[in-house]
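Residue numbers (the working numbering), protein chains in the order written: chain A, 5 to 597; chain B, 4 to 599.
For glycine and all other residues, C-beta sits at the position ideal for the given N, C-alpha and C.
Please read the structure below before turning to the comments.
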């Protein structure tokens, strides 16, 4: 796994300029290729029609006006209007097409990125600040659309334009064309020089923006912590440092960026001068007519215009590549926990859970679990106890296959869970985690998350079962009370009750409670326990808790320490054994007595 | 458009934030005018050059006769272009510098504003929304300075200088051409009316999408636990689609106006041709005059074409800056009183509640009613009560996160609102229920409130909170980086680090909000022990569920429905036979029954 990242660290990007990214990008374009080709043709036609305009104007000046032929003049004026009218319509159609295409491309990339993020394991989210993930989904994707749609079309149009002009110039005069073209190597060298600088520079910009976003997100979420530690000044300094990094890297990047257009402009004027001078010399030798010089000079300015436009697109491209790279890096992030090929649906779970020599480590070389084996019969309630950090949460996380085991097997009803689809497995499990996450929305929405099509009665029943009904009814709008982000209006215990109701509503075959009731007071917990007991009948459950009153009645208690199960049995058996559990239990009694 | 009143207009606000870069900004404006005038002048020389060549061609004269003039003109053309190019570059960089300067200033100001807000603000604005304002919306402001304003100056310069030139040549023809301009303004203002609200909606959709994505990322564990990936995808797809469609609609608005603007811009050369042609025929102008007009007609037409784009971008800026200014000019309700007394030193630690009542603004019922108690310096006060009885609200009044509706909260005999907030909070160590760690090293997290801590001290506080053992067992020890919100650590581990963080500032008042709920009993015993033996004086206010925690307190407050129903020490309360003694029986009795 990649090392953990913080807001202070730039994300590394080792890959050199990668053509693979462009190929990946082309996959997004492919879908809209017909529309884009259509837009291209329409643009080309529009440009071709536009070429008629100078002809009509010329005719008016050369013929109609000298002859004082007003009707002819007005006819030509009418023709001009027609030409413009047609090209405006063409431009309109192209714009309509391309607005759809470019917005659809953003939409597609963002959709895929989001879908991919849903597949990524916990580890991915644990290893980096969330602000750094967020900036990719929202800000970066916004940046790249124009490059992939209009940028591409314009490059092709300008290319066609350029090739046509070169052909015209070659027809007029080969030697003079070479004079015009002699600017090209300079241009190529210039752009190459810029490119290397720009790529790194824009990568730095994206890195620093990502850092800023990470810090911002953490500190908005943690504003209360900042305030209680009166760290505002310190934080403002850090933020200012990050913002300054953004400013400096930006200024550095635009230093090259803004050079492209003036640079090409400068090269082009030098070439024009060269045309005149060499024309004079050649004309002096009598080999060129002045008309040729004039023609070439006018083509030369038309030769450099598309190049300048392409320079701008090129700039844009370099800028956006830095973002595109990040997007495709995320899309290329390996999905470590995924459905196997041809994975079957998990059959309705009866509830037998077995571990067979399960070894597991979060980081290579640091085994958390070593050859853990146990069997749980359907309907049993199992308590996991032991010191913090011993691996209790890890065991329950493996049952839901949030991580893959290093070796060994996790079986449910005799079925290896790595052989079934994740959705079919997890949708039958109810997992309540330590950190009870509340979504913004109403209390009802939050409970509904457990079963999207539940009726109001079902919701209320679940809430009653976990003793949440009374406090919910006491709130301003009852079940329709908005709980705001992270449930900021609720106490921790209330949050736990709501997420408990959510889990109960999902009607799981296997229930996993990971310190689910730690913030709930003892009386409420006791009442909750009664409701829960009726619900647990016939369901397998795993409970991690420190309050021994919660654990005492379980069918099987496993004491977890040193990467394995050191003791297992019922409360009475373990008490008789006078081992670890006995010590844990008696120490708690001593405390109270 | 409905506009909230801010102390400054949008542009006034921008100007204010250009502080320090204003001269550069004005210079940049002049620079823009300069290079645009140069853009009109340079073609003049290349035209003369071409004229010389064509005359030579027509009259079959050798060019050599005029070589001096030609070289002179070539030199002027190259030199002026190079000069223009340099001006362009410097000008662009000046705009970048000004816009980055303003961006930097506003961003810092916004950040500071956000982090000093009160709780009401945080429950009003969602994280993703605030982030959009500080990033995406602010970028629209930057773009406005770096690009939109420049384009406006550019268009104006071109338009005005070309107009002046035209009027000098022929007033009548110039009038015919320039008189079309108001039509463009009319169209563009119509456009503004239509597109303004669209941009507003667009900013909202962007913020909405950001919020959805942000919540999904933060809640990724719950999403996986319920296998709700598909549901989340659908939900995000809706906001993604919404954003796309609004974006398309916004751009389509311009397409409704675009044909008219484009036709008017294109009409200019036609009008020139027709009117100019008639004028030539009537002998009012010469062919030379006509050529001069036709060569510069683009300098009138292009600014007109630009107007739509400029207006579009300007509306984007307006919508974005409205969102930013909303935060920029927002004021928290809980602020330092003007006559707040500074108290830089250490507090004694006496905490007193005097008939405090409290109700959340959007709440139906009072949370706290007539709470009175005193915690003398060095005492331990335990608060116990059912879920949602108001314990957390109570302790949040001490650092002034909320203010009572009636009654007083006093520290060292002085009402808390009379202190400078920073002084007050620096003396309070609070470990919250909802543990929030930063993605930083464990050491960085512990020393969050006391940055100057040595490694030994960090370890000492980790020992106090019984965290040193598990930290030592980690391969990188105190340098281990914990994920955002401390993911990767168990609940108990997070709580212990948050406790160490609160202890590390050596608070005179330590508030623990159920900080050991996820810690096993053995560890809790250790923590209780070290809390009784801290090496600095400290008043402790502890919310707890376990009798083992409350047992040693000097005073126990039992809270029910926002009122203190019992208070006293463990012995007294057990003897009194009320709620507390029932609780003791419940916790103890349970264990006894099963132990037998």
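Exercise. Just checking my contact of residue 247/B with residue 107/A at CB under 8 Å: how many whole Å lie between their CB atoms?
Worked result: Taking the first residue of the second chain as 1, we reach residue 247/B at position 244. Taking the first residue of the first chain as 1, we reach residue 107/A at position 103. About 5 Å separates the two Cβ atoms, so the contact holds.
For this session: Determine the chain A residues that contact residue 370/B at a beta-carbon separation under 8 Å, and present them in chain order.
Result: For this step, residue 370/B is matched to residue 367 along the second chain. Residues of chain A with a Cβ closer than 8 Å to the Cβ of residue 370/B do not exist; the shortest Cβ-Cβ separation is about 10 Å.
Problem set entry | As assigned by DSSP and simplified to three states, the class of residue 595/B | Stepping through the second chain from its first residue, residue 595/B is reached at position 592. Residue confidence for residue 595/B is low, a pLDDT of 46 falling below 50, so the modelled location carries little weight and cannot support an answer.
Exercise. How many whole angstroms separate the CB atoms of residue 113/B and residue 527/A, which I take to be in contact at a CB cut-off of 8 Å?
Worked result: Numbered from its first residue, the second chain carries residue 113/B at position 110. Numbered from its first residue, the first chain carries residue 527/A at position 523. Rounded to whole angstroms, the Cβ separation of residue 113/B and residue 527/A is 45 Å, and the two are not in contact under 8 Å.
For this session: Express the C-alpha separation of residue 472/B and residue 360/B in angstroms, rounding to a whole number.
Result: The sequence position of residue 360/B within the second chain is 357, counting from 1. The sequence position of residue 472/B within the second chain is 469, counting from 1. Whole-angstrom Cα-Cα distance: 43 Å.
Exercise. Helix, strand or coil: which one does DSSP assign to residue 12/A?
Worked result: On the first chain, position 8 is the one that residue 12/A refers to. Looking at residue 12/A - three-state DSSP - the assignment turns out to be coil, as it is neither helix nor strand.
Exercise. Can you check whether the CB of residue 264/B is closer than 7 Å to the CB of residue 311/B?
Worked result: Taking the second chain and counting its residues from 1, one reaches residue 311/B at position 308. Taking the second chain and counting its residues from 1, one reaches residue 264/B at position 261. Yes, these two residues count as a Cβ contact at 7 Å.
Problem set entry | Nearest neighbour of residue 429/A, chosen from 513/A, 379/A, 388/A [CA to CA] | By one-based count along the first chain, residue 429/A stands at place 425. Comparing Cα positions, the closest option is 513/A.
For this session: Please go through the same chain and pick out, in chain order, the residues whose beta-carbon is closer than 6 Å to the beta-carbon of residue 415/B, but skip the five residues on each side of it.
Result: Numbered from its first residue, the second chain carries residue 415/B at position 412. The beta carbon of residue 415/B sits closer than 6 Å to the beta carbons of 350, 351, 353 from its chain, once the five residues preceding and following it are set aside; these are given in chain order.
Problem set entry | CB of residue 132/B within 7 Å of CB of residue 337/B, strictly | What you label residue 132/B is simply residue 129 of the second chain in a count that begins at 1. What you label residue 337/B is simply residue 334 of the second chain in a count that begins at 1. One thing to note: residue 132/B has its Cβ no nearer than 7 Å to the Cβ of residue 337/B.
Exercise. Helix, strand or coil: how does DSSP classify residue 5/B here?
Worked result: Position 2 of the second chain holds residue 5/B. Confidence in residue 5/B is poor, its pLDDT being 44 and thus under 50, which makes the residue's placement unreliable; the coordinate value appears in the next sentence. Residue 5/B sits in coil when the DSSP states are folded into three classes, being neither helix nor strand.
Problem set entry | Three-state secondary structure (DSSP) of residue 411/A | Translated into the one-based positions of the first chain, residue 411/A becomes position 407. It is a strand residue.
Exercise. What's the call for residue 329/B, buried or exposed, on a 16-neighbour Cβ count within 10 Å?
Worked result: Counting from 1 along the second chain, the entry for residue 329/B is found at position 326. Residue 329/B is exposed by the Cβ-count criterion.
Exercise. Going along the chain, which residues of the region 185-215 of chain B sit with their C-beta nearer than 7 Å to a C-beta in chain A?
Worked result: Those residues of the region 185-215 of chain B that come within reach of chain A (Cβ to Cβ, closer than 7 Å) are 212, 213.
For this session: Would you tell me roughly how many angstroms separate the C-alpha atoms of residue 301/B and residue 187/B, rounded to the nearest one?
Result: The residue given as residue 301/B occupies position 298 in the second chain. The residue given as residue 187/B occupies position 184 in the second chain. As the crow flies, the alpha-carbon of residue 301/B is around 15 Å from that of residue 187/B.
Problem set entry | Among 564/B, 438/B, 448/B, the one whose alpha carbon lies nearest that of residue 521/B | Numbered from 1 along the second chain, position 518 holds the residue referred to as residue 521/B. Looking from the CA of residue 521/B, the closest CA among 564/B, 438/B, 448/B belongs to 438/B.
Exercise. Leaving out five residues before and five after residue 190/B in sequence, what residues of the same chain have Cβ atoms less than 7 Å from its Cβ?
Worked result: Reading the second chain from its first residue, position 187 is the one you call residue 190/B. Result list for residue 190/B: 260, 263, 264, in chain order.
Exercise. When DSSP labels each residue in this structure, what does residue 360/A get in the three-state scheme?
Worked result: Reading the first chain from its first residue, position 356 is the one you call residue 360/A. Residue state, collapsed to three classes: strand.
Exercise. Going along chain B in order, which residues have a C-beta closer than 8 Å to the C-beta of residue 303/A?
Worked result: Here the question's residue 303/A lines up with position 299 in the first chain. Going along chain B, no residue has its Cβ under 8 Å from residue 303/A, so there is no contact; the nearest lies around 13 Å.
Exercise. Using the rule of at least 16 other Cβ atoms within 10 Å of the residue's Cβ for burial, across every protein chain shown, is residue 535/B buried or exposed?
Worked result: Taking the first residue of the second chain as position 1, residue 535/B is located at position 532. The residue is exposed, with fewer than 16 neighbouring Cβ atoms inside 10 Å.
For this session: Kindly indicate which three-state DSSP category residue 69/A falls into: helix, strand or coil?
Result: Your numbering for residue 69/A matches position 65 in the first chain. Residue 69/A falls in the coil class under three-state DSSP.
For this session: Run the CB neighbour count on residue 210/A, radius 10 Å, all protein chains shown included, and call it buried at 16 or more, exposed below.
Result: Within the first chain, numbered from 1, the residue matching residue 210/A stands at position 206. Classification of residue 210/A: buried, given that the 10 Å Cβ count is 16 or more.
Exercise. Counting contacts by CB-CB distance shorter than 7 Å, is residue 368/A in contact with chain B?
Worked result: Mapped onto the first chain, residue 368/A falls at position 364. The Cβ of residue 368/A sits no closer than 7 Å to any Cβ of chain B.
Exercise. Within 10 angstroms of its Cβ, does residue 450/B collect 16 or more other Cβ (buried), or is it exposed?
Worked result: Along the second chain, read from residue 1 onward, the residue named residue 450/B stands at position 447. A buried status is given to residue 450/B, since no fewer than 16 other beta-carbon atoms sit within 10 Å of its beta-carbon.
Problem set entry | Start and end residues, beta strand (DSSP E) containing residue 580/B | Along the second chain, one-based indexing puts residue 580/B at 577. Note, residue 580/B: premise wrong, no beta strand (DSSP E); not H, not E.
Exercise. Under a CB-based cut-off of 7 Å, is residue 318/A close to chain B?
Worked result: By 1-based counting over the first chain, the position of residue 318/A is 314. No, residue 318/A does not count as interfacial toward chain B.
Problem set entry | Cβ contact (3+ pairs, closer than 8 Å) linking the region 546-555 of chain A and the region 510-530 of chain B | Look at the beta carbons and you see the region 546-555 of chain A touching the region 510-530 of chain B: at least three pairs across the two are nearer than 8 Å.
Exercise. If you compare alpha carbons, which of 214/B, 16/B, 229/B is closest to residue 436/A?
Worked result: For the purposes of this step, residue 436/A is identified with residue 432 of the first chain, where counting begins at 1. The alpha carbon of residue 436/A has as its nearest neighbour, out of 214/B, 16/B, 229/B, the alpha carbon of 229/B.
Exercise. Got a sec: is the Cβ-Cβ distance from residue 95/B to anything in chain A below 7 Å?
Worked result: Within the second chain, numbered from 1, the residue matching residue 95/B stands at position 92. So yes, residue 95/B belongs to the interface.
Exercise. In chain order, what residues of the same chain lie with their CB nearer than 8 Å to the CB of residue 141/B, ignoring the 5 residues before and after it?
Worked result: On the second chain, residue 141/B is found 138 positions in, with the first residue counted as 1. Result list for residue 141/B: 106, 109, 110, 113, 323, 327, in chain order.
For this session: Quick one: which unbroken beta strand (DSSP E) runs of 3-plus residues sit fully inside the region 476-532 of chain A? Chain order, please.
Result: The qualifying runs are 514-518.
Exercise. Under 7 Å between C-beta atoms, does residue 6/A make it to chain B?
Worked result: Here residue 6/A is taken as the residue at index 2 of the first chain, counted from 1. In this prediction, residue 6/A has a pLDDT of 43, which is less than 50 and means its spatial position is unreliable; nothing more can be read from the coordinates.
Exercise. Applying the criterion that 16 or more other CB atoms from any shown protein chain within 10 Å of the CB defines a buried residue, is residue 206/B buried or exposed?
Worked result: Position 203 of the second chain, counted from the first residue, corresponds to residue 206/B. The Cβ neighbour count for residue 206/B, taken over all protein chains shown within 10 Å, is at least 16; the residue is labelled buried.
Exercise. Looking at residue 303/A and residue 163/A, is the spacing between their C-beta atoms short of 7 Å?
Worked result: Within the first chain, the letter at position 159 stands for residue 163/A. Within the first chain, the letter at position 299 stands for residue 303/A. No; because the gap between Cβ atoms is not below 7 Å, this pair is not in contact.
For this session: Between the Cα of residue 582/B and those of 127/B, 389/B, 422/B, 291/B, spot the shortest distance and give me the residue it belongs to.
Result: Looking up residue 582/B in the second chain gives position 579. That would be 389/B, whose Cα lies nearest to the Cα of residue 582/B.
Problem set entry | Cβ pair count under 8 Å reaching 3, the region 110-121 of chain A against the region 72-89 of chain A | At 8 Å Cβ cutoff, the stretches do not touch.
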